[in-house]
Amino acid sequence: MTYCHHVITVNGRSHYDLESTVTESRDFAGRLLTRLNGTERYSLVLGPLPRGKALDQVDAKLWPLEYIQVAGSSDAMTVEIREGRGDEACQYVVGHSTEHEDEPHVTIPWNGYETTVYPDEVFDAGEATELFAYYLEHSSVPPPYSL
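Residue numbers (my numbering): 2 to 148.
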């Protein structure tokens, strides 16, 4: 049985420690993702806790450095990954492909803001749940998704 030690943050202010199995953490993340409505509940961030640290031992202004996050509603959200690259971090929008020639853009509203993405960068709660589950074990997104 694989355990993970991650935290989910809802709307940038409510934190849930996921010191549980990957399956339990996946199910919890899935329930939260299905409750996103773009207004009262509009974002989730999933990031690993530093090794040997508890949630109350990290500085929320400096952590997490790497994560997967979503913004929007359960039927239309953007997914982003932030990865460390040496002393820097790079943030990427997750998509189904890398081809975006003259495609129209899609606007995803959340909490009074709007994020504009390509159509293949729009996810629903079910697919985002699978991405979160994969991230729990691999700290990345699976192929064939692109960054």
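The beta carbon of each residue, even a glycine, is placed where N, CA and C say it ideally should be. These figures come from a predicted structure and were not determined experimentally.
Residue i beta carbon near the ligand COA (any heavy atom closer than 7 Å)
i: Lys-54; result: Although the ligand COA was asked about, the structure shown includes no ligands whatsoever.
Distance between beta carbons of residue j and residue i, contact taken as under 8 Å
i: Leu-47; j: Ala-30; result: 6 Å
i: His-7; j: Leu-50; result: 7 Å
i: Leu-37; j: Ser-74; result: 5 Å
Cα-Cα separation, residue i to residue j
i: Trp-64; j: Gly-96; result: 25 Å
i: Val-80; j: Gly-127; result: 12 Å
i: Trp-111; j: Thr-35; result: 15 Å
i: Ala-90; j: Leu-148; result: 14 Å
i: Tyr-114; j: Pro-145; result: 29 Å
i: Leu-45; j: Pro-143; result: 19 Å
i: Leu-132; j: Ser-98; result: 15 Å
Cβ-based burial, residue i [other Cβ within 10 Å; buried from 16]
i: Glu-122; result: buried
i: Pro-105; result: exposed
i: Leu-66; result: exposed
i: His-139; result: exposed
i: Gly-39; result: buried
i: Tyr-93; result: exposed
i: Arg-42; result: buried
i: Ile-9; result: buried
i: Gln-70; result: buried
i: Thr-130; result: buried
Residue i - containing beta strand (DSSP E), residue span
i: Leu-47; result: 44 to 49
i: Tyr-1; result: A question about residue 1 goes unanswered here, because the residues of the chain that appear run from 2 up to 148.
i: Tyr-68; result: 68 to 74
i: Pro-110; result: 107 to 111
i: Arg-158; result: No statement about residue 158 is possible, as the shown extent of the chain runs from 2 to 148 and does not include it.
First through last residue of the alpha helix (DSSP H) which encompasses residue i
i: Thr-24; result: 23 to 35
i: Gly-127; result: 126 to 139
Proximity of residue i and residue j at Cβ, strictly below 8 Å
i: Asp-28; j: Leu-56; result: no
i: Val-23; j: Ala-134; result: yes
i: Tyr-68; j: Arg-86; result: no
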